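Peer 1: In the UniProt record's numbering, the protein residues as written are 1 to 211. I'd like to ask some things about the structure below.
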């Protein structure tokens, strides 16, 4: 798995540092404009190199050669998911530090983390879909996954958080309201559950495929 992880990293090394710079800048900007998104956007930006790598496999057909290598198919999946999770953690740390420093609010920082986990977690649905329909359909898969992520985000943010924000006129108080807090926790749990299910589904789908 280590070899697969390093292979994925070096394939997108330049992009990772570029996206990291953009993620830090985006986190700082949203730290002033809308602190609750200071984790959400950096995490989504940082996992972009993974989607770029998947797109490249559309042309290289790298997946088709896995069965000829002295590695298990599970190692291939593990490499992708480990890399994905590392980037998610980096984005989370960046967003958490920025939010904590700029807002000086534990409630807002926690809300930002929960929102980020929900967004980055649900985006993992792209993996089983890509392995199911093939890298050649990666563009459709990524667009569909993005729509799914954005739809859930809008429900949580606008239906619950913005509603409470209009009532309290304070972001700290809004995210502390039971409705917003429960929505954020459920959203984060859905994200974590999506990662777990996507991982197990990816292994099952990829093992059954004839490459």
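Idealized CB from N, CA, C, for every residue including glycine. Remember, it's a predicted structure, so these values are computed and weren't measured experimentally.
Since residue 115 and residue 36 are thought to touch, with beta carbons under 8 angstroms apart, how far apart are those beta carbons, to the nearest angstrom?
Peer 2: In the chain shown, counting from the first residue as 1, residue 115 sits at position 115. In the chain shown, counting from the first residue as 1, residue 36 sits at position 36. With a Cβ gap of about 6 angstroms, residue 115 and residue 36 count as contacting.
Peer 1: Output the distance between the C-alpha atoms of residue 221 and residue 165, rounded to the nearest integer angstrom.
Peer 2: Coverage of the chain is limited to positions 1 through 211, which leaves residue 221 absent and any answer about it impossible.
Peer 1: Using a Cβ distance threshold of 8 angstroms, determine whether the stretch 142-156 contacts the stretch 73-83, with at least three qualifying pairs required.
Peer 2: No: the two stretches stay apart, fewer than three of their Cβ pairs being nearer than 8 angstroms.
Peer 1: Would residue 124 and residue 156 qualify as a contact pair, given that the criterion is a beta-carbon distance under 8 angstroms?
Peer 2: By one-based count along the chain shown, residue 124 stands at place 124. By one-based count along the chain shown, residue 156 stands at place 156. Contact flag unset, no.
Peer 1: If you follow the alpha helix (DSSP H) that residue 17 is in, where does it begin and where does it stop?
Peer 2: Position 17 of the chain shown, counted from the start, is the residue given in the question as residue 17. Counting along the chain, the alpha helix (DSSP H) containing residue 17 begins and ends at 13-33.
Peer 1: Does residue 167 pass the burial test, meaning 16 or more other C-beta atoms within 10 Å, or should it be called exposed?
Peer 2: In the chain shown, counting from the first residue as 1, residue 167 sits at position 167. Exposed, since its Cβ has fewer than 16 Cβ neighbours within 10 Å.
Peer 1: Can you tell me the Cβ-Cβ gap for residue 120 and residue 191, rounded? I've got them flagged as a contact below 8 angstroms.
Peer 2: The residue given as residue 120 occupies position 120 in the chain shown. The residue given as residue 191 occupies position 191 in the chain shown. Yes, they are in contact, since the Cβ atoms of residue 120 and residue 191 sit about 7 angstroms apart, within 8 angstroms.
Peer 1: Between which two residues does the alpha helix (DSSP H) holding residue 166 run?
Peer 2: What you label residue 166 is simply residue 166 of the chain shown in a count that begins at 1. First-last of the alpha helix (DSSP H) with residue 166: 162-168.
Peer 1: For residue 177, name the three-state secondary structure that DSSP assigns.
Peer 2: Taking the chain shown and counting its residues from 1, the one referred to as residue 177 is at position 177. In the structure shown, residue 177 sits in coil (DSSP, three-state: anything other than H, G, I, E or B).
Peer 1: Just verifying my parser: in three-state terms, what is the DSSP assignment at residue 121?
Peer 2: If you number the chain shown from 1, residue 121 lands on position 121. Here residue 121 sits in helix by DSSP.
Peer 1: Take residue 100 and list the residues in its own chain whose beta-carbon comes closer than 7 angstroms to its own, dropping the five residues that flank it on each side.
Peer 2: In the chain shown, counting from the first residue as 1, residue 100 sits at position 100. The residues are 109.
Peer 1: Check residue 209 in the structure and name its three-state DSSP category.
Peer 2: Position 209 of the chain shown, counting from 1, holds the residue named residue 209. Here residue 209 sits in coil by DSSP.
Peer 1: Compare the beta carbon distance of residue 21 and residue 41 with 8 angstroms and say whether it is the shorter of the two.
Peer 2: The count along the chain shown starts at 1 and reaches residue 21 at position 21. The count along the chain shown starts at 1 and reaches residue 41 at position 41. Cβ atoms of residue 21 and residue 41: not closer than 8 angstroms.
Peer 1: From which residue to which residue does the alpha helix (DSSP H) around residue 139 run?
Peer 2: Against the chain shown, residue 139 aligns to sequence position 139. Residue 139 -> alpha helix (DSSP H) spans 138-154.
Peer 1: CA-CA distance, residue 86 and residue 174?
Peer 2: Numbered from 1 along the chain shown, position 86 holds the residue referred to as residue 86. Numbered from 1 along the chain shown, position 174 holds the residue referred to as residue 174. Whole-angstrom Cα-Cα distance: 30 angstroms.
Peer 1: Would you mind stating whether residue 179 and residue 160 have Cβ atoms separated by less than 8 angstroms?
Peer 2: Along the chain shown, read from residue 1 onward, the residue named residue 179 stands at position 179. Along the chain shown, read from residue 1 onward, the residue named residue 160 stands at position 160. Yes, the pair counts as a contact, with Cβ atoms nearer than the cut-off.
Peer 1: With DSSP collapsed to three states, give me the class of residue 107.
Peer 2: By 1-based counting over the chain shown, the position of residue 107 is 107. Three-state DSSP puts residue 107 in a helix.
Peer 1: Please report how far the alpha carbon of residue 50 lies from the alpha carbon of residue 153, in whole angstroms.
Peer 2: As a working note, residue 50 is residue 50 in the chain shown. As a working note, residue 153 is residue 153 in the chain shown. Residue 50 and residue 153: Cα-Cα distance of roughly 21 angstroms.
Peer 1: Smallest Cα separation from residue 181: which of 94, 163, 207 and 29?
Peer 2: Along the chain shown, one-based indexing puts residue 181 at 181. Comparing Cα-Cα distances from residue 181 to each of 94, 163, 207 and 29, the minimum goes to 163.
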